[in-house]
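From first to last, the protein sequence lines stand for chains A and B.
Numbering-wise, the working numbering comes out as the position in the first sequence, counting from 1, plus 2.
Numbering-wise, the working numbering comes out as the position in the second sequence, counting from 1, plus 2.
Presented below is the structure to which this report refers.
There are 2 protein chains.
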Amino acid sequence: MKLTQDQIRARFRGRDVRMTPQRAAIYRALAERLDHPTAEDLYRQVRRAYPMISPNTVYYTLTVLKQAGLVHEVNYWHDRSRFDANLALHHHLICLGCRKIQDVTDIALDRLKIPSHGHGAFEVMGHRVEFHGYCAACRRRARRRSARSGH
Amino acid sequence: MKLTQDQIRARFRGRDVRMTPQRAAIYRALAERLDHPTAEDLYRQVRRAYPMISPNTVYYTLTVLKQAGLVHEVNYWHDRSRFDANLALHHHLICLGCRKIQDVTDIALDRLKIPSHGHGAFEVMGHRVEFHGYCAACRRRARRRSARSGH
DNA sequence: ATGGTAGATAGTAATCATTCCTAACAAGGA
DNA sequence: TCCTTGTTAGGAATGATTACTATCTACCAT
Numbered sequence: 003m004k005l006t007q008d009q010i011r012a013r014f015r016g017r018d019v020r021m022t023p024q025r026a027a028i029y030r031a032l033a034e035r036l037d038h039p040t041a042e043d044l045y046r047q048v049r050r051a052y053p054m055i056s057p058n059t060v061y062y063t064l065t066v067l068k069q070a071g072l073v074h075e076v077n078y079w080h081d082r083s084r085f086d087a088n089l090a091l092h093h094h095l096i097c098l099g100c101r102k103i104q105d106v107t108d109i110a111l112d113r114l115k116i117p118s119h120g121h122g123a124f125e126v127m128g129h130r131v132e133f134h135g136y137c138a139a140c141r142r143r144a145r146r147r148s149a150r151s152g153h
Numbered sequence: 003m004k005l006t007q008d009q010i011r012a013r014f015r016g017r018d019v020r021m022t023p024q025r026a027a028i029y030r031a032l033a034e035r036l037d038h039p040t041a042e043d044l045y046r047q048v049r050r051a052y053p054m055i056s057p058n059t060v061y062y063t064l065t066v067l068k069q070a071g072l073v074h075e076v077n078y079w080h081d082r083s084r085f086d087a088n089l090a091l092h093h094h095l096i097c098l099g100c101r102k103i104q105d106v107t108d109i110a111l112d113r114l115k116i117p118s119h120g121h122g123a124f125e126v127m128g129h130r131v132e133f134h135g136y137c138a139a140c141r142r143r144a145r146r147r148s149a150r151s152g153h
């Protein structure tokens, strides 16, 4: 998907993100890739056009774009490994507030299949479903906060 | 779920994992928790009974248990953050061989709901499905390798 | 178009999870 | 009980990410 500078500018404007050549390059690099690159992947790619760019700028730009909703961070749990001794097939409820995780067991979720078209060559060994949202405690906390601030 | 020392010993035996007091403590700590603790969480818990234990032992034990299949690492992508400029709802095919990621779009997957029972207080904002397996290239590679080794 | 200001950039240094290396140690079979 | 091989714990190394900060720049108001 080729993006013009103006398209990028418009998207940034729409989310109140300041436009710089580095930011445009980072966003373009990300938007034109079909995989899900790391910050370092993007750094290496953008550096070809901007040899002076620092990894720092890439990291900072990504957090800005993320907050603005222009970019998604694909993996919530990237910071640390998490382990589980429950070997039974199950799925997860991840709280975006406190990051606590609950298990969900449900046969319907266990039976999912990838749509056949296009992925025939991929051999599926397993799958997992993540639900993201807010747990009861975090919802209570948010409600109390907004009440105090004089809704 | 209370585990006796003998139950743990039996599980370790069954997978040819050498039993040590530290390992039993780490495994017990993990098995008795409902959330999905990090290595550090386990370290802090086990240290109460084994003040001399090192984080190192926890990490090493977890890799051993993981290889033995006694424990799962819940998040594949923990090593680095990955980003995506595609904001449309979609899901992922993750290759366990080369870690490449393909997008999957499918309305049936988009419509999943958590089973109502038990999780009523959790407010779901979104969800994502990950399929794990082997891509065409990695399957070819594996087939070639096993052919060469004189299947 | 210009100037001022808030925000962005790019270095360097710090942090933090995890891995590497290794000498002392212990599990478990003979 | 003894031997061998795998395990432990410490310290150092690695590698991704963040913090700090002086300089610079986008962009709004004039």
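Just so it is clear, CB atoms sit at the ideal spot from N, CA and C, and this is done for glycine as well.
Looking only at 16/A, 29/A and 135/A, the smallest Cα-Cα distance to residue 99/A is reached by 135/A.
Scanning the region 67 to 91 of chain B for uninterrupted alpha helix (DSSP H) segments of 4 residues or longer gives nothing; none is fully contained. A distance below 9 Å separates the beta carbons of residue 85/A and residue 75/B. If you draw a straight line from the Cα of residue 4/B to the Cα of residue 24/A, it comes to about 55 Å. Annotation for residue 8/B: the continuous alpha helix (DSSP H) segment containing it runs 7 to 16. Per the DSSP secondary-structure output, residue 103/B pairs in a beta bridge with 96/B. Close to chain B, meaning a Cβ-Cβ distance shorter than 9 Å, are the following residues of the region 66 to 87 of chain A: 67, 68, 71, 72, 73, 74, 75, 76, 77, 78, 79, 80, 81, 82, 83, 84, 85, 86 and 87.
In this chain, the beta strand (DSSP E) harbouring residue 136/A covers 125 to 136.
One finds 82, 83 and 84 in chain B with Cβ atoms closer than 7 Å to the Cβ of residue 40/A, taken in chain order.
A Cβ of chain A is located within less than 9 Å of the beta carbon of residue 117/B.
Judged by DSSP secondary structure, residue 25/A falls within the alpha helix (DSSP H) whose first and last residues are 23 to 33. Beta-bridge pairing by DSSP links residue 40/B to 84/A. Contact check for residue 133/B against residue 14/A fails: the beta carbons are separated by 9 Å or more. Contact check for residue 137/B against residue 104/B passes: the beta carbons are separated by less than 9 Å. For residue 48/B, no CB of chain A lies under 9 Å from its own CB, so it is not counted at the interface with that chain.
Separation of the CB atoms of residue 47/B and residue 33/B is rounded to 12 Å, and the pair is thereby denied contact status at 8 Å. Contact between residue 10/B and residue 63/B is ruled out by a C-beta separation of about 12 Å, above the 8 Å threshold. In summary, the residues of the region 113 to 145 of chain B whose CB is separated from some CB of chain A by less than 7 Å are 114, 116, 117, 121, 123, 124, 125, 126, 127, 128, 129, 130, 131, 132, 133, 134, 135, 136, 137, 138 and 141, in the order they occur in the chain. For the region 10 to 35 of chain A, the set of positions with a beta-carbon nearer than 7 Å to some beta-carbon of chain B reads 29, 32 and 33 in chain order.
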